[in-house]
Structures are given as C-alpha cells and as structure tokens.
Amino acid sequence: MRAQGLLPDVFVHPQGLCESTDVGAGTRVWAFAHVLEGARVGTDCNVCDGAYVEGGAVLGDRVTVKNQVMVFAGVTVADDVFLGPGVTFTNDFTPRAHVRKGPGELDPTWVEEGATLGARVTVVCGVTIGANAFVGAGAVVTRDVSPHGFVVGNPARQIGWACRCGRRLDDSLVCSCGRAYTLDADGLHESVVVPCT
41 MRAQGLLPDV FVHPQGLCES TDVGAGTRVW AFAHVLEGAR VGTDCNVCDG
91 AYVEGGAVLG DRVTVKNQVM VFAGVTVADD VFLGPGVTFT NDFTPRAHVR
141 KGPGELDPTW VEEGATLGAR VTVVCGVTIG ANAFVGAGAV VTRDVSPHGF
191 VVGNPARQIG WACRCGRRLD DSLVCSCGRA YTLDADGLHE SVVVPCT
C-alpha cells in the first residue's frame, strides 16, 4: 500500500506498506516492509523485505536497509549507510510496558555517513556510530564507535580501523585499495586519496 501523495517514482511492492509521504525519489520499499507515517526516508534508499521503519526515524540518502531491520523513533541514519540483515536499534534504556513515553523521552541514536552495520547487530540507544565505522556481524553496540572504527563482539570493542571502502586496515593503516591513513589524538585521517578499484 502506498500513502496518498507519495512521489510517483517511489517503488512500493504490492505487499509492502509505506504510510509516510516523506520518502525521497528512487527509494524502493519491498514486500512486507513497513514504513510508518512520520518516518523520513531519503532518496535512492532500498528498504528490503520485512524491514520496519517507525515514525520519528530518519534515513538519509542511499541507505541500504536489508531484510528484517528494525529502525525505531529517535534513530537517525546518515547518507550511504549499510544496515545488514536483522540489525536492530533500541530507543529506550528503561522500557516498561505500562509506561508510555513520548518522542522527547526516547534516547536518540546516530549512525554517521558511510558506516556499515553487519548482520544481526544490536545497537543499544544513546550512542553515535562514527562515519565510515564498520560494526561486525552479531556485535552489540553499547557505547560510541569512533569514525573508521572496526568493532566486533558483545559488548562491541574496537579491534582495528576500517577504510572508507569498507576493508579492514592493516597495522600500517594502508588499505589494499590505495588509501592511506594517519592516526593522532583526534582520530584517524585519510592522508592519501586514491580511488578504490
């Protein structure tokens, strides 16, 4: 079902449900996915089968939302983020069934540009996942992840750095794609820009 007033070049599968009209051109909503009224979805996003995007959630442009991803109110996802199958966000540190909370009482979460969250990642609310970070499959994120941080485990811990292309950097901070990085007190910085092949 398509919300009345949705842009004509937004694709909604006949078994998908898109109740929001705040969806960018070229976005695709596949079977059994549900985008609620009040959700904001950017251009050229891919919302795969069984995904759920709640009102109050924000997805940037070119975001991939794989099957069974749950994005709740208070979660903001920047451009070019990959959310792997089964990624789940939370938005309340102290949930109780009998306590109803409004949007201002939820704990916000941010995923910055270019980050990747692998399959079955769980993100505990109130954290920021930095730009180009890589969260390995099955990780449970309980605290902020540095830009370009490569984290795994439960709770997620940093074990290295990720290139903008997605590959894990070696100890020399040089990627096989040709990019090189330097590390200082302010974090990881790209020092040589070479297009990935």
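To convert, note that position 176 of the sequence shown is 216 in our numbering; the numbers rise steadily by one, no gaps. Think of the CB as a built atom: it goes at the ideal place given N, C-alpha and C, for glycine as much as any other residue.
Checklist entry - Which stretch, first to last residue, makes up the beta strand (DSSP E) that contains T116? => result 115-117
Item to check | Closest residue to L76 among M41, I199, L47 (Cα-Cα distance) | outcome: M41
Checklist entry - Among A91, V69, P195, E153, which residue has its Cα nearest to the Cα of T239? => result Coverage of the chain is limited to positions 41 through 237, which leaves residue 239 absent and any answer about it impossible.
Item to check | Helix, strand or coil at E145 [DSSP, three-state] | outcome: helix
Item to check | Unbroken beta strand (DSSP E) run spanning L46, endpoints | outcome: No beta strand (DSSP E) holds L46; DSSP gives it neither H nor E.
Next on the checklist: In this structure, how does DSSP classify N131 when only helix, strand and coil are distinguished?
Outcome noted: coil
Next on the checklist: For the region 136-143 against the region 155-166, do three or more pairs of beta-carbon atoms, one drawn from each stretch, fall closer than 8 Å, so that the two count as touching?
Outcome noted: no
Checklist entry - Where does S29 sit, in a helix, a strand or coil, going by DSSP? => result The chain is shown only over 41 to 237; residue 29 falls outside these bounds and no answer can be derived.
Next on the checklist: So, at 6 Å on beta carbons, what are the nonlocal neighbours of E152 in its own chain, with the 5 sequence-adjacent residues on each side left out?
Outcome noted: A118, G170, A171
Item to check | Start-to-end residues for the beta strand (DSSP E) that takes in W70 | outcome: No beta strand (DSSP E) contains W70, which DSSP labels as neither H nor E.
Checklist entry - Cβ atoms of A79 and Q55: under 7 Å apart, would you say? => result no
Checklist entry - Taking just the CA atoms, how far does P125 sit from P48? => result 27 Å
Item to check | Status (buried if at least 16 other CB within 10 Å, exposed otherwise) for P135 | outcome: exposed
Next on the checklist: Give me the residue from A179, T83, L228, P195 with the minimum Cα distance to V121.
Outcome noted: T83
Checklist entry - Can you tell me whether V139 is buried or exposed, with buried defined as 16 or more other CB within 10 angstroms of its CB? => result Classification for V139: exposed.
Checklist entry - With respect to 6 Å, is the separation between the Cβ of D184 and the closest non-hydrogen atom of the ligand MN below this value? => result The ligand MN is not part of this structure, which contains no ligands at all.
Item to check | Host beta strand (DSSP E) of Q198 (start-end) | outcome: 197-201
Next on the checklist: By the DSSP assignment, the beta strand (DSSP E) with T222 in it spans what residues?
Outcome noted: 220-224
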